[in-house]
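Q: There's a structure below that I have some questions on.
Residue numbers (my numbering): 577 to 646.
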């Protein structure tokens, strides 16, 4: 297996941190939000294909916009 693209790794970590920060103001609370965010990201930890990783980053951006709209 090839090592993941460092730029994609940086993007994944950045969106995770952004979502964590948004989760602090989540209506159901941070204690509700954080484990679900972690589970969602760990569910995609197996991805190695760059296109699949980009697709997952796109979904995370969509979720980020939805949370910002709350």
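Yeah, the Cβ is synthetic: ideal placement off N, Cα and C, and Gly gets one too.
Quick check: the region 593 to 607 against the region 619 to 626, are there 3 or more CB pairs under 8 Å?
A: At 8 Å Cβ cutoff, the stretches do not touch.
Q: If contacts are defined as beta-carbon pairs under 8 Å, then residue 637 and residue 591 qualify, I think. What distance do you get, rounded to the angstrom?
A: 7 Å between Cβ atoms; contact.
Q: Considering only residues of the same chain and omitting the five flanking positions on each side of residue 581, which have a CB-CB separation below 7 Å?
A: Excluding residues within five positions, the ones whose Cβ falls inside 7 Å are 626.
Q: Would you kindly check if the distance between the Cβ of residue 596 and the Cβ of residue 563 is under 8 Å?
A: Only positions 577 to 646 of the chain appear in the structure, and residue 563 is not among them; the question remains open.
Q: CB residue 583 to CB residue 640, shorter than 8 Å?
A: No, the Cβ-Cβ distance between residue 583 and residue 640 is not below 8 Å.
Q: Roughly how many angstroms separate the alpha carbons of residue 612 and residue 642, rounded to a whole number?
A: Cα to Cα, the separation comes out at about 15 Å.
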